[in-house]
Amino acid sequence: MAGLSRRGFLAASAGMAVALGVPERALAARLAEPATPADVPTTLEQTIRLTAPKYRQYRHLTVGSGEPYIPRYDVLGKAASPGRARRRRSIAYLGHLSDIHIIDAQSPARLDVMVGQSESLWAGSFRPQDTLTVNVGAAMVQAMRAAQLSPLTGAPMLAAFNTGDSADMISQLELQWYIDLLDGVPVTPNSGKPGIYEGVQVWNESVFAYHPEDPANDPYGAYGFPQIPGMLQSAVSQTVESGGLAAPWYAVYGNHDTTFLGALAIDDALRRWAVGDRKAAVWQPFAANFLGGWSSNLSPVNQFLHALRSNYGVQSGIKSVTADAERRLFDSVEFMQAHLDSPAAPGPVGHGFTQDNVTSQKTYWMADLSAHVRAFGLDTCNQVAGPDGAVPEDQFTWLRAGLEQARAENKICIVLSHHNSTTLENEAKLVIGDNQRLIHAEEFVAMLQEYPNLVAWFNGHTHINTIIAHAKAGGGGFWEVTTASCIDFPQQQQLIEIVDNQDGTVSIFTTCLDHMSNAEWTQSDYSQDGLASLSRQLSANDWIENPPMRMGSPLDRNCELLLPAPFDMSTITDADLEKVAMRAKARLVAAEGKS
Numbered sequence: 008m009a010g011l012s013r014r015g016f017l018a019a020s021a022g023m024a025v026a027l028g029v030p031e032r033a034l035a036a037r038l039a040e041p042a043t044p045a046d047v048p049t050t051l052e053q054t055i056r057l058t059a060p061k062y063r064q065y066r067h068l069t070v071g072s073g074e075p076y077i078p079r080y081d082v083l084g085k086a087a088s089p090g091r092a093r094r095r096r097s098i099a100y101l102g103h104l105s106d107i108h109i110i111d112a113q114s115p116a117r118l119d120v121m122v123g124q125s126e127s128l129w130a131g132s133f134r135p136q137d138t139l140t141v142n143v144g145a146a147m148v149q150a151m152r153a154a155q156l157s158p159l160t161g162a163p164m165l166a167a168f169n170t171g172d173s174a175d176m177i178s179q180l181e182l183q184w185y186i187d188l189l190d191g192v193p194v195t196p197n198s199g200k201p202g203i204y205e206g207v208q209v210w211n212e213s214v215f216a217y218h219p220e221d222p223a224n225d226p227y228g229a230y231g232f233p234q235i236p237g238m239l240q241s242a243v244s245q246t247v248e249s250g251g252l253a254a255p256w257y258a259v260y261g262n263h264d265t266t267f268l269g270a271l272a273i274d275d276a277l278r279r280w281a282v283g284d285r286k287a288a289v290w291q292p293f294a295a296n297f298l299g300g301w302s303s304n305l306s307p308v309n310q311f312l313h314a315l316r317s318n319y320g321v322q323s324g325i326k327s328v329t330a331d332a333e334r335r336l337f338d339s340v341e342f343m344q345a346h347l348d349s350p351a352a353p354g355p356v357g358h359g360f361t362q363d364n365v366t367s368q369k370t371y372w373m374a375d376l377s378a379h380v381r382a383f384g385l386d387t388c389n390q391v392a393g394p395d396g397a398v399p400e401d402q403f404t405w406l407r408a409g410l411e412q413a414r415a416e417n418k419i420c421i422v423l424s425h426h427n428s429t430t431l432e433n434e435a436k437l438v439i440g441d442n443q444r445l446i447h448a449e450e451f452v453a454m455l456q457e458y459p460n461l462v463a464w465f466n467g468h469t470h471i472n473t474i475i476a477h478a479k480a481g482g483g484g485f486w487e488v489t490t491a492s493c494i495d496f497p498q499q500q501q502l503i504e505i506v507d508n509q510d511g512t513v514s515i516f517t518t519c520l521d522h523m524s525n526a527e528w529t530q531s532d533y534s535q536d537g538l539a540s541l542s543r544q545l546s547a548n549d550w551i552e553n554p555p556m557r558m559g560s561p562l563d564r565n566c567e568l569l570l571p572a573p574f575d576m577s578t579i580t581d582a583d584l585e586k587v588a589m590r591a592k593a594r595l596v597a598a599e600g601k602s
């Protein structure tokens with residue numbers, strides 16, 4: 008197929024230079040560079056592995072060998088041509104972020120004490136690395152920037168997407184910190200008293216927590232967690248720099264962006280508690296004095312006494328902290344508005360959400376990533392109860408119509424959501440009021456299989472690298488790709504590339520990406536990157552969960568996922584793809600000049 012002519016190239020590069028405000032000749036020279044596989048730090052080159060396990064001993068991390076791509080033919084149903092590597096054309100090179108879980112660990116609404124009720128049930132309510140999430144987020148953004156050219160084809164990153172659980176405790180501060188990291192705005196991850204940590208990791212009575220100054224008397228000390236004096240002070244006093252994503256990024260809701268603890272509806276008492284000056288230090292008094300007041304006891308006298316205790320009383324197990332109005336809990340409209348208020352670069356404005364979303368309160372969107380690739384962003388979160396999700400009928404109907412239209416237009420489609428096919432079974436509904444029918448995994452997958460132009464469904468939620476083939480009887484189907492998280496080991500995200508093999512097949516390449524910090528933390532390294540490295544090491548020693556399991560198998564990590572071409576791919580000309588790549592690379596060049 009004919010590529011872009013010299014005249015067409017010069018005209019296009021000149022127009023892009025004017026639009027982006029960069030020197031025309033310099034941009035033309037960069038755009039003329041041939042696309043070759045980029046030498047970028049990914050798990051293709053090296054991996055991070057745990058040292059050998061020993062009973063109740065703290066484990067360290069080390070560098071392992073890289074993992075090459077493993078071809079998977081589950082959807083294609085047959086072996087592919089060995090010559091496809093010479094013919095492949097990049098259709099879209101993308102970044103996949105999910106479950107970033109930015110945490111304001113000092114907020115009263117961070118109910119760390121829940122883990123004192125049940126370590127397994129409420130494992131996510133406290134982690135030793137809670138104060139280090141902004142450092143990890145910045146290190147992951149740095150890794151995405153370093154991988155802005157494909158390690159497979161050299162194609163520039165077209166877009167990135169974030170499939171939810173960005174703000175861990177639905178806090179406005181957490182929401183703003185996450186957006187700032189992706190946009191390249193410095194963040195000081197502290198709330199309350201400037202430069203001082205106020206929370207369970209320095210309170211002796213919070214025996215469930217890891218106390219890095221001296222863990223001798225907490226469960227973490229029994230599992231060999233080390234003394235790390237200075238960790239908390241460094242975490243809350245440093246300003247974390249972020250280069251921001253170089254490519255436009257899109258976002259959808261996660262359950263932690265929707266409900267309290269990712270599972271519970273929010274009431275006014277909790278909203279007041281979040282911005283107040285009391286924080287729970289011990290589970291039992293908190294449960295007796297506060298949760299009891301929010302329960303089914305409707306006695307006016309008891310409710311009045313509860314209000315007095317909540318606002319003015321001092322109880323055992325409840326500590327005084329510095330209040331901060333910025334800790335307020337956000338709602339679904341404020342979530343979308345925060346994305347609309349984000350800077351214009353790297354864009355797009357709203358990151359998928361539009362003013363119409365805010366006005367209509369529709370929390371889902373559609374966007375064309377290029378002339379050939381369309382993305383559908385869903386909200387699968389249940390606002391009534393429970394961490395898992397479902398697809399409301401209005402979104403299901405809207406998505407079906409959108410896929411039908413895209414098929415008629417020969418658009419390659421991807422679906423983005425937080426929940427995956429193993430967690431799309433939530434049936435919680437309002438007791439009183441209108442309820443939509445909720446579509447669950449089996450029906451949703453069957454609908455997606457009707458559309459050959461739907462090639463992939465990307466999601467998160469489980470914090471485990473997982474790839475599932477949804478093959479269709481009679482041939483075809485699509486791939487479901489779930490990425491790990493930034494909070495739990497292995498703290499990985501993914502690079503995605505959709506390529507045309509020019510032989511009637513399409514491949515989707517998935518590449519696991521570690522954040523840019525040393526595999527092994529160096530003692531007393533409290534730098535920005537050092538704290539990110541420390542976070543990964545702490546997460547690798549989670550004795551409540553099974554950290555290595557979250558890596559997935561080799562078939563869930565670096566893979567080539569093959570499937571039949573959804574239509575005659577020759578209708579997408581080389582010239583078309585060159586224009587798409589030029590625009591994407593021009594954005595990257597412009598971002599370099601502003602960083």
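First residue of the sequence shown: 8, per the working numbering; consecutive thereafter.
Yeah, the Cβ is synthetic: ideal placement off N, Cα and C, and Gly gets one too.
Owing to the predicted nature of the structure, the values given are computational and were not obtained by experimental measurement.
Does the stretch 258 to 274 come within contact of the stretch 375 to 394, defined as at least 3 CB pairs closer than 8 Å? yes
Flag this pair as touching only if the stretch 122 to 134 and the stretch 164 to 173 have three or more C-beta atom pairs under 8 Å; answer yes or no. no
Taking 8 Å as the cut-off, decide whether the C-beta atoms of residue 105 and residue 178 are in contact. no
Since residue 373 sits in a beta bridge, which residues does DSSP pair it with? 383
Looking at the structure shown, is residue 301 part of a helix, part of a strand, or coil, going by DSSP? Any reading at residue 301 must be qualified, since the residue scores a pLDDT of 48, below 50, and its modelled position is unreliable; the value itself is stated next. Residue 301: helix per DSSP, three-state reduction.
Alpha helix (DSSP H) containing residue 142: first to last residue? 140 to 153
Go ahead and label residue 160 buried or exposed: buried means 16 or more other beta carbons lie within 10 angstroms of its beta carbon, across all protein chains shown. buried
Where does residue 320 sit, in a helix, a strand or coil, going by DSSP? Only weak support exists for where residue 320 lies, its pLDDT of 49 falling under 50; the coordinates are left without a value.
Continuous alpha helix (DSSP H) stretch holding residue 344: start and end: 339 to 347
Within this structure, are the beta carbons of residue 260 and residue 165 separated by less than 8 Å? no
Select from 587, 551, 533, 423 the residue whose C-alpha is nearest the C-alpha of residue 241. 533
Round the Cβ separation of residue 394 and residue 553 to the nearest angstrom and send it over; I've been treating them as touching at under 8 Å. Their Cβ separation, rounded to whole angstroms, is 18 Å, which puts residue 394 and residue 553 out of contact at 8 Å.
Using alpha carbons as the reference points, say which of 83, 359, 525, 227 lies closest to residue 347. 359
Which of the three DSSP states is assigned to residue 173 in this structure? coil
Let me know the secondary structure DSSP gives residue 257 once reduced to three states. strand
For a test of the three-state rule: what should DSSP assign to residue 464, helix, strand or coil? strand
Residue from 504, 572, 561, 558 with nearest C-alpha to residue 588: 504
Could you please give the first and the last residue of the uninterrupted alpha helix (DSSP H) stretch that includes residue 334? It is not in any alpha helix (DSSP H) - residue 334 carries neither H nor E in the DSSP assignment.
Determine the direct distance from the alpha carbon of residue 518 to that of residue 597, and round the result to whole angstroms. 26 Å
Quick one: what's got a C-beta closer than 7 Å to residue 407's C-beta in the same chain, skipping five residues either side? 454
Pair within 8 Å by beta-carbon distance, residue 502 and residue 49: yes
Residues of its chain near residue 198, where Cβ-Cβ distance is below 7 Å and the 5 sequence neighbours each way are ignored: 111, 113, 114, 180, 331, 333, 334
Quick one: give me the first and last residue of the beta strand (DSSP E) that residue 485 is part of. 484 to 489
For residue 70: DSSP bridge partner residues: 55
Out of 342, 61, 521, 352, which has the shortest C-alpha to C-alpha gap to residue 362? 342
Report the residue from 400, 525, 546 whose alpha carbon sits nearest the alpha carbon of residue 470. 546
Mind checking which residues open and close the alpha helix (DSSP H) that includes residue 567? Where residue 567 is concerned, there is no enclosing alpha helix (DSSP H), although the beta strand (DSSP E) it sits in stretches over 566 to 571.
Separation of residue 122 from residue 291, as counted between CA atoms: 11 Å
Does the stretch 145 to 156 touch the stretch 206 to 215, meaning 3 or more C-beta pairs lie closer than 8 Å? no
Report yes if the CB atom of residue 514 is closer than 8 Å to the CB atom of residue 569, and no otherwise. yes
If distances are taken between C-alpha atoms only, which option among 412, 441, 443, 447 comes closest to residue 429? 447
Would you kindly check if the distance between the Cβ of residue 472 and the Cβ of residue 564 is under 8 Å? yes
Start-to-end residues for the beta strand (DSSP E) that takes in residue 265: Neither: residue 265 is in no beta strand (DSSP E) and is coded neither H nor E.
Limits of the beta strand (DSSP E) - the one that residue 185 falls within: That residue, residue 185, is in no beta strand (DSSP E); its alpha helix (DSSP H) goes 179 to 190.
Run the CB neighbour count on residue 88, radius 10 Å, all protein chains shown included, and call it buried at 16 or more, exposed below. exposed
Which residue wins for smallest C-alpha separation from residue 5, given the options 582, 590, 530, 578? Residue 5 lies beyond the stretch modelled for the chain, which goes from 8 to 602, so this question has no answer here.
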